[in-house]
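Undergrad: Supplied in structure tokens, the structure appears directly below.
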Amino acid sequence: MNQPLPIQLPLAGIRVLELGSNVSGPYGTWILAALGADVVKVERPGGGDDARGWGPPFWRGAATVFQTINRDKSSITVDFKDADALAELRQRIATDTDVVLQNLRPGVADKLGLGAAAMTAASPRLIYCNLWAFGAKGPLADRPGFDALMQAFGGIMAVTGEEGRPPVRAGVSIVDMGTGMWSAIGILAALNRRHESGRGGVIDTSLYETALGWTAYYSADVQVNGQIPQRHGSGVRGIMPYQAYDCADGYLVVAASNDRLFHNLAAELGHGEWLDDPRFVDNPARSSHREELNALLIPIFKAETRAHWQERLDVAGVPNAPIQHAGEVVAHPQTQALDILQDTGHGVSLVGLPLSFDGERPPLRNIAPELKE
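For the sequence shown, the working numbering gives the first residue as 72, with consecutive numbering after it.
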């Protein structure tokens, strides 16, 4: 589906080479591709990117996870054991590439002569982004890593789920995709700097650093109070009530995140006396008496449907939202109104870039490439 571009995309003319696989690197280059960059994905002969096989479900010969994060790219294969093919790839980077993003196993790019030092020496205008597992330095720098490992090692799993139950991984690859976003942000900043200086440079980011970034306030908490952070299920530390409540027909998240909203909630529920209860007088008190307040709220919400409570809480000005599954999200009028679902022309719509420029979202230009396409 080669459609004409209705808008001038901000990265049009920027040439990107992806030495990556799985989710993190390809997600970063997808962002660049969606913004208009010409992204060439380098894959190994045979099976290509491992993510092609990460299903079911599969669509048009590849897993849906591959399809969603490799749109608007082209694909080539390079046998890294072939000296001539490697030499040709190095030449392409040196003469015809603005940006390289690599998330190969630590040490592989350097061993192949494709590392940052060699390539930026050959092309001083080149912007080279390393996407590591544990980071560019330190005792674990040489170790590989994946999203689930970093959710565990970086502290995310320790605060996800419910106390007393087994560890839970976040349902989406937040570390992989977050690191892809950081790489894109770094590349955009480097492109802006190159516009002024004429020189490229080397960017380093990692899955572990992303996990540390996502848990930043927990890191501050433990230094302040010396306590191991707890899990709060659908809730969050430091705010109460701010969680999902089981209604007669499903769960509704209620977000009374400040004293004014709690006042509105208590009034709507007919419990003005809560406002004079020293356990609930302000947010710190409510957070410290989470179980006592939930013991009062849980049976109230359970007695009626989500729609009942949504209507009442909306009138009271208390933010709320039902927990929806993906099918409900896709069908919701708000999702449809945003025009963020982009028709591939092959029976599936993919979520577009969550950005618009002058009211227009970057369009879907092509579905993910087949191997060597």
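Where a beta carbon is used, it is the ideal one built from N, C-alpha and C, also for glycine.
Looking only at its own chain, which residues have a Cβ that is under 8 Å from the Cβ of Leu90, when we skip the five neighbours before and after it?
TA: Once the five neighbours on either side are set aside, the close Cβ partners of Leu90 are Gly96, Val113, Val171, Leu172, Gln173, Asn174, Leu175, Ala180 and Leu185.
Undergrad: Given a threshold of 16 other Cβ atoms within 10 Å of its Cβ, counted over all protein chains shown, does Leu76 qualify as buried or as exposed?
TA: Residue confidence for Leu76 is low, a pLDDT of 48 falling below 50, so the modelled location carries little weight and cannot support an answer.
Undergrad: Should Asp169 be labelled buried (16 or more other beta-carbon atoms within 10 Å of its own) or exposed?
TA: buried
Undergrad: DSSP three-state call for Arg246: helix, strand or coil?
TA: The amino acid occupying residue 246 in the given sequence is Val; Arg does not appear at that position. Assignment of Val246 by DSSP, reduced to helix, strand and coil, places it in the helix class.
Undergrad: If we require 3 or more residues per run, which beta strand (DSSP E) segments fall completely within the segment 190-252?
TA: DSSP runs (the beta strand (DSSP E)) wholly in the segment 190-252: 198-203.
Undergrad: Could you check where the beta strand (DSSP E) with Ala326 kicks off and where it finishes?
TA: Start and end: Gly321 to Ala326.
Undergrad: Helix, strand or coil for Pro81, going by three-state DSSP, please let me know.
TA: coil
Undergrad: Count the other CB atoms, across all protein chains shown, that sit within 10 Å of the CB of Lys182; report buried if there are 16 or more and exposed otherwise.
TA: exposed
Undergrad: How should Tyr313 be labelled, buried or exposed, when 16 other C-beta atoms within 10 angstroms of its C-beta is the threshold for buried?
TA: Classification for Tyr313: buried.
Undergrad: Mind checking which residues open and close the beta strand (DSSP E) that includes Pro425?
TA: Where Pro425 is concerned, there is no enclosing beta strand (DSSP E), given that its DSSP letter is neither H nor E.
Undergrad: Using DSSP's beta-bridge definition, name the partner residues of Gln173.
TA: Looking at the DSSP assignment, Gln173 forms a beta bridge with Leu90 and Asn201.
Undergrad: With C-beta atoms as the reference, is Asp330 less than 7 Å away from Asp353?
TA: yes
Undergrad: Just to check my reading of the structure: Asp414 and Arg432 have Cβ atoms closer than 8 Å, yes? What is that Cβ distance to the nearest angstrom?
TA: Rounded, the Cβ-Cβ distance is 13 Å, inconsistent with contact.
Undergrad: Mind checking Gln138: buried by the 16 CB within 10 Å criterion, or exposed?
TA: So Gln138 counts as buried.
Undergrad: Roughly how many angstroms lie between the CA atoms of Gly132 and Cys318, to the nearest whole one?
TA: Going by the C-alpha atoms only, they are around 41 Å apart.
Undergrad: Excluding sequence positions up to five away, which residues of its chain have a Cβ less than 8 Å from the Cβ of Pro440?
TA: Apart from sequence neighbours up to five positions away, the residues of its chain that approach Pro440 with a beta-carbon distance below 8 Å are Lys112, Asn141, Lys144, Ser145 and Ser146, ordered along the chain.
Undergrad: Nearest CA to the CA of Gly178: which residue from Leu197, Ala165 and Lys208?
TA: Taking only the C-alpha atoms, the option nearest Gly178 is Lys208.
Undergrad: According to DSSP, is Phe58 part of a helix, a strand, or is it coil?
TA: Not covered by the structure: residue 58. The range shown for the chain is 72 to 444.
Undergrad: Any chance the segment 201-219 sits against the segment 116-134, with 3 or more Cβ pairs inside 8 Å?
TA: no
Undergrad: Would you mind giving the Cβ-Cβ distance between Gly272 and Ile198, rounded to the nearest angstrom? I have them listed as a contact below 8 Å.
TA: 6 Å
Undergrad: When DSSP labels each residue in this structure, what does Ile299 get in the three-state scheme?
TA: coil
Undergrad: Classify Glu280 as buried or exposed, calling it buried when 16 or more other Cβ atoms lie within 10 Å of its own Cβ.
TA: buried
Undergrad: Grab me the residues of Ala392's own chain with a C-beta within less than 6 Å of its C-beta, minus the 5 sequence neighbours each way, in chain order.
TA: Shown here for Ala392: same chain residues with a beta carbon closer than 6 Å to its own, the five before and five after excluded, namely Val324 in chain order.
Undergrad: Would you kindly report the start and end of the unbroken beta strand (DSSP E) that includes Asp275?
TA: Gly272 to Ser277
Undergrad: Below 7 Å CB to CB, which residues in the same chain sit around Leu211 once its five sequence neighbours on both sides are set aside?
TA: Setting aside the 5 residues that flank it on each side, Leu211 is surrounded in the same chain by Phe205, each with a C-beta closer than 7 Å to its C-beta; the list follows chain order.
Undergrad: Please report the distance separating the alpha-carbon of Arg163 from that of Pro195.
TA: Cα to Cα, Arg163 sits roughly 14 Å from Pro195.
Undergrad: Mapping the DSSP letters down to three states, classify Trp130 as helix, strand or coil.
TA: Looking at Trp130 - three-state DSSP - the assignment turns out to be strand.
Undergrad: What residue range is occupied by the uninterrupted alpha helix (DSSP H) comprising Ser358?
TA: Where Ser358 is concerned, the enclosing alpha helix (DSSP H) stretches over Asn354 to Ser359.
Undergrad: For Glu362, which three-state DSSP category applies?
TA: helix
Undergrad: Would you mind stating whether Gly232 and Arg308 have Cβ atoms separated by less than 7 Å?
TA: no
Undergrad: What first and last residue would you give for the beta strand (DSSP E) that runs through Val386?
TA: No beta strand (DSSP E) holds Val386; the alpha helix (DSSP H) holding it covers Arg377 to Ala387.
Undergrad: If you run the structure through DSSP and keep just helix, strand and coil, what is Ile310?
TA: strand
Undergrad: For Thr406, collect the residues of the same chain with a Cβ closer than 7 Å to its Cβ; drop the 5 residues on either side in sequence, then sort them by chain order.
TA: Only Val400 and Leu412 meet the Cβ criterion.
Undergrad: Return yes when the Cβ of Gly107 is within less than 7 Å of the Cβ of Ala83, no when it is not.
TA: yes
Undergrad: Find the nearest neighbour of Gly119 within the set Asn93, Pro425 and Trp101, judged by alpha-carbon distance.
TA: Asn93
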